[in-house]
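A short worksheet on the structure shown next.
Numbering (our numbering), first residue to last: 225 to 721.
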């Protein structure tokens, strides 16, 4: 039974990988015999010489890579019957898996390798090799037997009957071989069915669909029976069908892989989707295109997120650029970003003049030590003070009153301080003017009160002076004095007004 006395050839340019792989195989198959080669050419020589049961082949190797090595092995009559199982830690994408199958490989495993899966694959590959050898030997044997039995049929009917019996047994042996191949096909089918991307196959002449996987049904919203035998014009709007068909023809004409970064497609159940598609021709034994293989990844959600982020960034950029207050970012005590309002506050004309300058260049010497201390404290504690008022320094050298609201943030992957700032000069001037106006208002109110009371006193004086003048017994000198008093009181009242 395969697995009791296996002979394995491992081809890998990394000696450590070969040692590790040999240890795993020895643990699983104590009687196993392992051959090792560090490059494709040496591996091919060992394969022809030793006729191993399975070849374990690395994909990425200097000089001749795994795919080219596999193609050369499959071209040799003495080695083409040996199953090839690809092992790779680098090229484990869908495209590499397809290229491995096209190169003639029977299996594909991505590193880190699950040991149980590796052992199961090796057992299956050994059975395939056994079946391949059996089928090859049986063909030779059958041809010999047919020739011999034909001659014997001329001599005896019993020999003919015996030949028929032997043929029946041989047919039963080729049937078992076909069953092994069928199991291999089922294994590959399960891989394709469970790949999350849409995979489809078209017939090369009419470009009608002849194959789909389960992901295709989910994406397009059609059952497989509804899709098979149809072409793009049966399923999609004409403009889209024209585009898809043109790309198909381009792949067929070029004979190589074509990558379509973005293409829109109308689906039955999922609306419009955006796909990232790769198409390549599948060649027949003569190297002529026979089918077209397509693999499509649905990138709709990713594109929507990208567009949303771009819109958000544009809005944020506009808000910052148009903000009436200064916005800046400090990192490592230097200025790394400012908006136009920031430039205006400090009297600079362009970002080039201020980016990269130490923050101390924008602060009055009296406040620089305080600012430096608060920057270090904020970055260490990840908590900035709510508000600071200090003396700023304009490009012209003029000092001015500055209000700052700092916040600790991450900027381009490193701690930084986001600052919002405003020039308090105009505000403080207005406050001082308001204070002076309030003082004047207070003085005016006081003066008005005093004037009102003084006017009342003058009215009393005027009233009594006029009353006394009405006395006919007054002397002329007294009357003159009273008139002088009345005149003075009148002038005093006019002065108060």
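Beta carbons: idealized from backbone N, C-alpha and C, even for Gly.
- In the structure shown, residue 555 falls within a strand segment according to DSSP collapsed to helix, strand and coil.
- Residues 334 of the same chain have their beta carbon placed closer than 6 Å to that of residue 316, with the five preceding and five following residues left out of the count.
- From the listed residues 624, 579, 562 and 713, the smallest Cα separation to residue 589 is found for 624.
- Counting only the Cα atoms, residue 292 lies some 11 Å from residue 284.
- Put simply, the segment 573 to 591 touches the segment 546 to 565. At least three CB pairs are less than 8 Å apart.
- Runs of the beta strand (DSSP E) lying entirely within the segment 472 to 521, each at least 3 residues long, are 482 to 490 and 496 to 507 in chain order.
- Remark: fewer than three beta-carbon pairs, one from each stretch, lie closer than 8 Å, so the segment 264 to 272 and the segment 239 to 250 are not flagged as touching.
- Using a C-beta cut-off of 8 Å, the segment 299 to 312 makes contact with the segment 324 to 344, since at least three inter-stretch Cβ pairs fall below that distance.
- Relative to residue 716, the option among 466, 452, 307 and 680 whose CA is nearest is 680.
- Our two residues, residue 571 and residue 502, have alpha carbons roughly 55 Å apart in a direct line.
- Counting along the chain, no alpha helix (DSSP H) covers residue 312; the unbroken beta strand (DSSP E) around it starts and ends at 308 to 312.
- Taking C-beta atoms as the reference points, residue 446 and residue 553 fail to come closer than 8 Å.
- Within the DSSP secondary-structure output, residue 535 pairs in no beta bridge.
- Residues 720 of the same chain have their beta carbon placed closer than 7 Å to that of residue 678, with the five preceding and five following residues left out of the count.
- Secondary structure note for residue 234: its beta strand (DSSP E) is the uninterrupted segment 231 to 235.
- Take residue 508, set aside five residues on each side of it, and the residues of its chain with a beta-carbon closer than 6 Å to its own are 514, in chain order.
- Residue 679 sits in a helix when the DSSP states are folded into three classes.
- Looking at 436, 428, 426 and 399, the one whose alpha-carbon comes closest to that of residue 415 is 436.
- Under the three-state reduction of DSSP, residue 349 is assigned to helix.
- In the three-state DSSP reduction, residue 282 falls in the strand class (E or B).
- A direct Cα-to-Cα measurement between residue 630 and residue 480 gives close to 58 Å.
- In terms of Cα proximity to residue 273, the closest of 289, 442, 290 and 303 is 303.
- With a beta-carbon spacing of about 4 Å, residue 640 and residue 555 fall inside the 8 Å limit used to define contacts.
- In this structure residue 684 is exposed. Its beta-carbon is surrounded by fewer than 16 other beta-carbon atoms within 10 angstroms.
- The beta-carbon distance between residue 250 and residue 307, rounded to whole angstroms, is 20 Å. This is too long to meet the 8 Å contact definition.
- Per DSSP, reduced to three states, the secondary structure at residue 624 is strand.
- For the options 471, 462 and 395, the alpha carbon positioned closest to that of residue 426 is the one of 471.
- Per DSSP, reduced to three states, the secondary structure at residue 253 is coil, with no helix or strand assignment.
- Here residue 338 is exposed, its C-beta having fewer than 16 other C-beta atoms within 10 Å.
- Under the three-state reduction of DSSP output, residue 432 falls in the coil class, being neither helix nor strand.
- Taking 8 Å as the cut-off, the Cβ atoms of residue 372 and residue 398 do not count as close.
- Taken through DSSP and simplified to helix, strand or coil, residue 639 comes out as strand.
- In the DSSP assignment, residue 248 forms no beta bridge with any residue.
- Of the other Cβ atoms in all chains shown, 16 or more fall within 10 Å of the Cβ of residue 422; this residue is therefore buried.
- The distance from the Cβ of residue 550 to that of residue 646 is about 7 Å, consistent with a contact at the 8 Å cut-off.
- About 5 Å separates the beta carbon of residue 327 from that of residue 295, a gap short enough to meet the 8 Å contact definition.
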